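Throughout, our numbering is defined as the position within the sequence shown, counted from one, plus 11. The beta carbon of each residue, even a glycine, is placed where N, CA and C say it ideally should be. Here the structure is a predicted model, which means the values were calculated and not measured.
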Amino acid sequence: MSQHTFQTEVNQLLQLIIHSLYSQKEIFLRELISNSSDALDKMRYITLTKDEFKSFNFDPKIHISFKDGDNPTLTISDTGIGMSKKDLQDNLGTIARSGTKNFLSKLSGDAKKDSNLIGQFGVGFYSSFMVADKVEVSTKKAGNKEAWKWSSDGKTGYDLSKDIRKESGTTITLHLNENGKEYASRWQIESLIKKYSDHIDFPISLTFDDIEYDDDGKEKSRKPKTEQINKAKAFWTRSKNDLKKKEYIDFYKSFSNDTEDPFDFIHFKAEGNLEFTILFYLPKKAPFDIYRADYQSGVKLYVNRVFITDDDKELLPTWLRFIKGIIDSSDLPLNVSREILQQNRIMNKIKSNAVKKVIDKLNSIAKNDDKYIEFYSEFGRLIKEGVYQDFEHKDSLTELLRFKSTKKDGYVSLKNYVDRMEAEQKSIYYITGHNEVSLSDSPLLEMYEEKNIEVLILDDEIDEIVISSIPKYDEKELKSVNRSSAADEISDATDKKKVKEMEPLLKKIKTVLGDKVKDVRISKRLNDSPSCLVADENDPTAQMQEIMKSMGQPNLPDIKPILEINANNKIVKKLKSMKKGKSFDDVSTLLFEQALLQEGGKLENPSEFVNRLNSVMEKSLK
């Protein structure tokens, strides 16, 4: 026997689980059954695909037994693939999965929510220590000669020794503590299996004492009896007509580890030249880590009910990573690999059809504005990803986009916008930036408000990328009001005389600002505000520059904005009459700085801005 110390994170994890999740301690059985099911999936797969295992007498099953009394125990056994010595060390002594350490920082103190995280992060085995003082694992990996025994009290470490075991598989024995002794009960176990694991695709049997009583109620005889306690039928293979909504919800919770009901679901069976079944769920809430690079969604691929892979990157486009569920095909080979999946014609057809079914469902939901916005508020950003990533479905996804607007509270579609367009309006206008409130008050909108033209407000950081991939909608160009030319087609004709009169002022301001700006021009779009900043027609906007830097392009050329000034504004008129000097320089610079702040930009030197503002205010008070 050899003794081993837990990885530091495991110690922390055990303490948090044991002390934080007491009220949800029943989840331990859900997690252990789920692990056994995964082991059986793997065993079934290798016996069907690998020659050296095809001779194995594989009888897939999960067996539960218990002993009550003074030293109660609960035992869960499976005939799955089993574990080697290294597997035991890697899986039960460390936290191996990338990103799992984040689990420690995500526990909220809400037991219900935190119990959900356990399954998401793949650390469910450790929940055993909520109900047990000691846990023993006896296991033998398929194809290996040696069996091993792992045991721990869940405190500092674990013991590892050789064991005697004929068949491959795993047996976990929990020595139940005071909090866990209630689970040494037929009725408790059956209830939890019905609640969490009824739809596991393998038989789960329970051995218990079958007691007969005489007419006086005294125990007459006691015999051990074993019964199957779950349905053991792949849920998705059942007819939709035979299933109730509650059953769909229960199945979702059983495999997703989500404590909430799903937002909606899709159950579809394709027959004919291509046969496959999909059962997809749309969750209500987006997982907190959905935008992490290592995020794993919950879609699994089966071939005739045999689990193949849960590598969702090959099963669905990445923008659909919020989907949880199953794809089961009758046409794929059992030995299909990840590499084959990438090129497989059948899989590509299944994938395309599956995406269309999701889009059809979203279109159906979108008929109810309130319901769709509930979904869009959680997953709208992923729909946006699809617009610029998924060329095949780009047009369909564009219809599902929703934007804030200057004319309507809430969200509007591009179709809504076009339907409300002014008769003489030729383009769809939008403004991009960081904050809805500041964008709504932007001086860039003054002309559009005067002419009763709706402008879409794009305040999500990826909106700029998304909208640039949609040059036209319904034959109408999408134009950014952040650009210098956006006002040309709706502005009144420029007063050439006024422009000529203002040229000296423009030159003086340009001299003061130097390389802070690309140019200084008379504005066609301003009614009240003295100034605004716009991007030259072919230059990226300020927000796009930030996006490009965040995407690994830090050495971008320094692109300057254009300062536009309102020739009719009182400040600008007074500035025109001022002589060059400190006051002129201060006001000119303030025109630039206030325009920069209004669009959400950052000042190079806030202290200088404050001093400059104080100086101008002081002089105005004399």
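Query, Result
"Beta-carbon proximity check, K491 vs Y440, cutoff 9 Å", "For the sequence presented, residue 491 should be read as Ser rather than Lys. Against a cut-off of 9 Å, the Cβ pair of Y440 and S491 comes out as a contact."
"Enclosing alpha helix (DSSP H) for S594 [first to last residue]", "593-609"
"Sheet register partners of R494 (DSSP bridge)", "A546"
"Contact set for V477: own chain, Cβ-Cβ below 7 Å, skip 5 residues either direction", "K395, V398, Y399"
"Residue from L331, L59, K97, D89 whose Cα sits closest to the Cα of R316", "L59"
"Stretch-stretch touch, CB-based, cutoff 8 Å, three pairs: the stretch 545-554 with the stretch 582-594", "no"
"8 Å contact criterion, which R536 and A498 should meet: CB distance rounded", "4 Å"
"Inter-stretch contact at 8 Å, needing at least 3 Cβ pairs: the stretch 183-195 / the stretch 228-240", "no"
"Supposed close pair M94, T16 - CB separation, criterion 8 Å", "About 19 Å; that fails the 8 Å criterion."
"Touching by the beta-carbon criterion (3+ pairs, under 8 Å), the stretch 410-420 and the stretch 294-313", "no"
"Touch test, the stretch 320-340 against the stretch 282-297, Cβ-Cβ under 8 Å, three pairs minimum", "yes"
"C-beta contact flag for F39 and G135 at 9 Å", "yes"
"Selected residue, minimal CA-CA separation from A365, among I376, E325, N379", "E325"
"Reduced DSSP category for Q554 - H, G, I as helix; E, B as strand; rest coil", "helix"
"DSSP state of T636 mapped onto helix, strand, coil", "Given a span of 12 to 633 for the chain in the structure shown, any question on residue 636 remains unanswerable."
"Beta-carbon proximity list for A245, same chain, < 7 Å, skipping 5 on both sides", "D212, R316"
"As assigned by DSSP and simplified to three states, the class of L25", "helix"
"Contacting residues, own chain, Cβ-Cβ under 7 Å from Q199 (five flanking each side not counted)", "E193"
"Those runs of the beta strand (DSSP E) which lie wholly inside the stretch 322-375 and span at least 3 residues", "335-340"
"Contacting residues, own chain, Cβ-Cβ under 8 Å from K483 (five flanking each side not counted)", "L489"
"Top-ranked residue by Cα proximity to N284, from S340, D253, D275, F276", "S340"
"Rounded C-alpha distance that separates H445 from S480", "19 Å"
"CB of D221 within 9 Å of CB of P235, strictly", "yes"
"Test item: CB-CB of P9 and A153 under 9 Å", "Examination of residue 9 is not possible in this model, given that the chain is present from 12 through 633 alone."
"Rounded distance between the beta-carbons of I44 and I92, thought under 8 Å", "In fact, because the Cβ distance is near 16 Å, the residues do not count as touching under 8 Å."
"Contact check, V583 vs S542, beta carbons under 9 Å", "yes"
"Neighbour-count burial assignment, K508, 16 or more Cβ in a 10 Å radius", "exposed"
"Stretch pair the stretch 511-530 + the stretch 571-583: three plus CB contacts closer than 8 Å", "yes"
"Supposed close pair Y137, L25 - CB separation, criterion 8 Å", "6 Å"
"Candidates K418, F287, D101, S495: closest to E460 by CA position", "K418"
"Selected residue, minimal CA-CA separation from N374, among T218, S388, F219, L408", "L408"
"Sequence-distant residues of the same chain with beta carbon closer than 6 Å to Q307, five excluded per side", "none"
"Selected residue, minimal CA-CA separation from D81, among I357, N188, L607, L343", "N188"
"Distance between beta carbons of E410 and S424, contact taken as under 8 Å", "7 Å"
"Beta-carbon proximity of V148 to L99, cut-off 9 Å", "yes"
"Sub-9 Å separation of L103 and P71 beta-carbons", "no"
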